[in-house]
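Order-wise, the sequence lines are chains A and B. Note that the working numbering has the first sequence beginning at 83, numbered continuously upward. Note that the working numbering has the second sequence beginning at 83, numbered continuously upward.
There are 2 protein chains.
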Amino acid sequence: MSTSSAGEPPRGYHHGDLRATLLQAAGALLVESGAGAISLREAARRAGVSHSAPYRHFADRQSLLAALAAEGFAELGARAGQVADLADFGRLYVEFALEQPGRFGLMFSAELDKARHPDLAQASKRLHDLLEAGVSRVAPSRDPQVVATAAWSLVHGLAHLLLAQQLGALDESSRRTMIEAVTRLFGEGLRG
Amino acid sequence: MSTSSAGEPPRGYHHGDLRATLLQAAGALLVESGAGAISLREAARRAGVSHSAPYRHFADRQSLLAALAAEGFAELGARAGQVADLADFGRLYVEFALEQPGRFGLMFSAELDKARHPDLAQASKRLHDLLEAGVSRVAPSRDPQVVATAAWSLVHGLAHLLLAQQLGALDESSRRTMIEAVTRLFGEGLRG
DNA sequence: CCTCTATGTTGACACTGAAAACATTCTAGC
DNA sequence: GCTAGAATGTTTTCAGTGTCAACATAGAGG
Numbered sequence: 083m084s085t086s087s088a089g090e091p092p093r094g095y096h097h098g099d100l101r102a103t104l105l106q107a108a109g110a111l112l113v114e115s116g117a118g119a120i121s122l123r124e125a126a127r128r129a130g131v132s133h134s135a136p137y138r139h140f141a142d143r144q145s146l147l148a149a150l151a152a153e154g155f156a157e158l159g160a161r162a163g164q165v166a167d168l169a170d171f172g173r174l175y176v177e178f179a180l181e182q183p184g185r186f187g188l189m190f191s192a193e194l195d196k197a198r199h200p201d202l203a204q205a206s207k208r209l210h211d212l213l214e215a216g217v218s219r220v221a222p223s224r225d226p227q228v229v230a231t232a233a234w235s236l237v238h239g240l241a242h243l244l245l246a247q248q249l250g251a252l253d254e255s256s257r258r259t260m261i262e263a264v265t266r267l268f269g270e271g272l273r274g
Numbered sequence: 083m084s085t086s087s088a089g090e091p092p093r094g095y096h097h098g099d100l101r102a103t104l105l106q107a108a109g110a111l112l113v114e115s116g117a118g119a120i121s122l123r124e125a126a127r128r129a130g131v132s133h134s135a136p137y138r139h140f141a142d143r144q145s146l147l148a149a150l151a152a153e154g155f156a157e158l159g160a161r162a163g164q165v166a167d168l169a170d171f172g173r174l175y176v177e178f179a180l181e182q183p184g185r186f187g188l189m190f191s192a193e194l195d196k197a198r199h200p201d202l203a204q205a206s207k208r209l210h211d212l213l214e215a216g217v218s219r220v221a222p223s224r225d226p227q228v229v230a231t232a233a234w235s236l237v238h239g240l241a242h243l244l245l246a247q248q249l250g251a252l253d254e255s256s257r258r259t260m261i262e263a264v265t266r267l268f269g270e271g272l273r274g
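The structure is reproduced here in C-alpha cells:
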C-alpha cells in the first residue's frame, strides 16, 4: 500500500481494469481536445501502460471510438427514459449535444462502421425505439416511422448546426429561444 | 512536348497549377475513401510533386480540407440558386449530401474552424442567406430566422442521419419516400 | 541582364497505428 | 498446492503522417 494513494489500487504487471481506464482516458481526451486528439498511445500513456497494451482490449482505434460512442448512446438513452413529453426529449437531445459535443459527434460519425460494432448498433437502436414509442403516444394517427424520423431529424440537425457554428454565434439565451421555437414549430406541425 | 500527353501541360520544376491539382487529388481521395484518408503527402504524390510542396499552397492539412469544404458550399449554393420552391431546396439538399457524403461531412465538420478560414465562413453564409430568402417567400408571416433554422435543421438532420446509417438500411425508393414525407410534414407545419 | 520572390525539393523529427515476438500473471483442472 | 494454458502487458519494429528548416530553381520586373 506504500506506493498507491486512495482510489488507485496497487497495480503490478497486470493493470486490473485497463479497458475501463482506457475508456476514461479517451473520454478525457475527447472532452479536452476532440475526437481527433484521441490516440491509443496517449490513452495508454495516461493509463500508465505500454503503448501496445490497448490492443488487448480494442482491436484498433476505431473500436475504441465505437466504445466511447456506445457509452454516449447509453447515457442519452438513460436521460431520455426519464422524460415523457416529446418536446422535452428534443430539448434534452440538443442539450446533450451541446454539453458533450465530441461525444455527440462520435455517436453519429460516419467513420464508425456499425456493422463492425454490434454494441454500438444496438445502443443506437435502443434510442431509436425509445423515440418511436414517444412519437406514437403524441401523434398516433400518423405513420410513426415518418414522424419519428422527422422529429429526430429536426433536433439532430439543430444540434449539429449549432455545433458546427453554422447558425452564427448565438449566446446562451438566444440559443435557448431558438431551440424552443424550433421544437414548438414542429409540435404545431404534428397537431395540424 | 515529348513527355506530356493531352490535358497535361509539360511541367518542369514548377508545376504551374499545383493548388488546383492538389484540390482535385484531395477531392478524389475524399470520394474514394473519405476525409480521413486525405493526406497532404498522398495528394502531393498524386500531383507528382514532393511531399512538402503542398505547404506552399496550404498552411496545414486543415486548410486543405477547408478549401474542399468551401468548394462544396459553392456547388450546393449554385444548385440551390436554380430552385424556387422550399421543398425543392430540401430535396436538393439531401440529395447532395447522399451523392457526396464525404464533401458534405467536411462542410459541416466541427473540426474546421471557421474563424481560421474566412473563405469557408463566407461560402457557408451565402448558402444561409439563400435559404433565409427562400423562407421569407414561403412563410412571410413568421420569424424568418426561426423558420429557416427549422427548415435547415430538418433537412440537415435527415441527411446526416441517413449518412450515419442511423435510420436503418433504406433502399433507394423508401429513402425517396421518407424524404418526401418528412419535407411535406414540415410544409404542413409552416402553413398550419 | 540580374536580382527578388514565388514555388519546389531534400532531409529531418516526432508522432501515430499496427503487428510480431516475448514476458508475466491468473486461473482451471488435476 | 501444482501446473498447463489462457489472458494480459511489454518490447521492438515498421510504414505512414504532419510539419519545419535549409536549400534549389525558375520566372518576373527592374
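Backbone N, C-alpha and C fix where the C-beta goes; we use that ideal spot for every residue, glycine too. Quick caveat, the model's predicted, so the values are computed rather than measured.
- In the structure shown, F140/A adopts coil according to DSSP, grouped into three states.
- Ranked by Cα distance from A152/B, the first of L122/B, A141/B, L202/B, E177/B is L202/B.
- Identification of chain A residues near H242/B by a Cβ-Cβ cut-off of 9 Å yields F190, A192, S235, H238, G239, H242, ordered along the chain.
- Counting only Cβ-Cβ distances below 7 Å, V217/A has no contacts in chain B at all, with the closest Cβ about 12 Å away.
- For G187/B, the chain A residues whose C-beta falls within less than 8 Å of its own C-beta are A192, listed in chain order.
- P226/A: member of the alpha helix (DSSP H) spanning 226-245, first to last residue.
- In summary, the residues of the region 197-216 of chain A whose CB is separated from some CB of chain B by less than 8 Å are S206, H210, in the order they occur in the chain.
- For L104/B against A125/B, the beta-carbon gap comes to about 5 Å, under 8 Å, which counts as contact.
- Shown in chain order are the members of the region 162-187 of chain B whose Cβ falls below 9 Å from a Cβ of chain A: P183, G184, G187.
- Within the same chain, Cβ atoms closer than 8 Å to the Cβ of R143/B are found at I120, S121, L122, the five residues on either side in sequence being excluded.
- From the listed residues M189/B, I261/B, A232/B, the smallest Cα separation to A205/B is found for M189/B.
- Contact check for V217/B against A197/B fails: the beta carbons are separated by 9 Å or more.
- Taking V229/A as the centre and dropping the five residues before and after it, the same chain places the C-beta of V217, A221 closer than 6 Å to its C-beta, in chain order.
- Segment contact: the region 124-141 of chain A against the region 166-174 of chain A, fewer than three CB-CB distances shorter than 8 Å; contact not assigned.
- Under the DSSP assignment, F171/A falls in the alpha helix (DSSP H) whose first and last residues are 168-181.
- Nearest neighbour of P200/A by Cα position, chosen from S145/A, S223/A, A162/A, Q248/A, turns out to be S145/A.
- Between the alpha carbons of Q182/B and L244/B lies a gap of roughly 13 Å.
- Within 9 Å of the CB of G118/A, the CB atoms of chain B belong to E193, in sequence order along the chain.
- Bounds of the alpha helix (DSSP H) holding G216/B are 200-220.
- Around the Cβ of A215/B, a 10 Å sphere holds fewer than 16 other Cβ atoms; the residue is exposed.
- For A126/B, the uninterrupted alpha helix (DSSP H) run begins and ends at 122-129, by DSSP.
- When the five nearest sequence neighbours on each side are left out, the beta carbons in the same chain lying within less than 7 Å of the beta carbon of Y175/A are those of V237, A241, in order along the chain.
- Where A119/A is concerned, there is no enclosing alpha helix (DSSP H), because DSSP gives it neither an H nor an E.
- From the beta-carbon of V228/B, the residues of chain A found nearer than 8 Å are M260, A263, V264, L267.
- V264/A is classed as buried because its beta carbon has at least 16 other beta carbons within 10 Å across all chains shown.
- L249/B belongs to the set of residues whose beta carbon lies under 9 Å from a beta carbon in chain A.
- Close CB contacts of A117/A within its chain, under the 7 Å cut and outside five residues either way in sequence, are with L147, G184, G187, L188 (chain order).
- DSSP, reduced to helix, strand and coil, places G187/A within a helical segment of the structure shown.
- For V131/A, same chain residues with a beta-carbon under 7 Å away, outside a window of 5 residues either side, are H97, L100 in chain order.
- The beta carbon of G269/A sits closer than 8 Å to those of L168, A169, all from its chain and outside the five residues before and after it, given in chain order.
- Against chain A, the beta carbon of T103/B has no neighbour under 8 Å; the closest one sits roughly 26 Å away.
- Taking a beta-carbon distance threshold of 9 Å, A246/A counts as an interface residue toward chain B.
- By the neighbour-count criterion, in which a residue is buried when 16 or more other Cβ atoms sit within 10 angstroms of its Cβ, S235/A is buried.
- As the crow flies, the alpha-carbon of L158/A is around 31 Å from that of P226/B.
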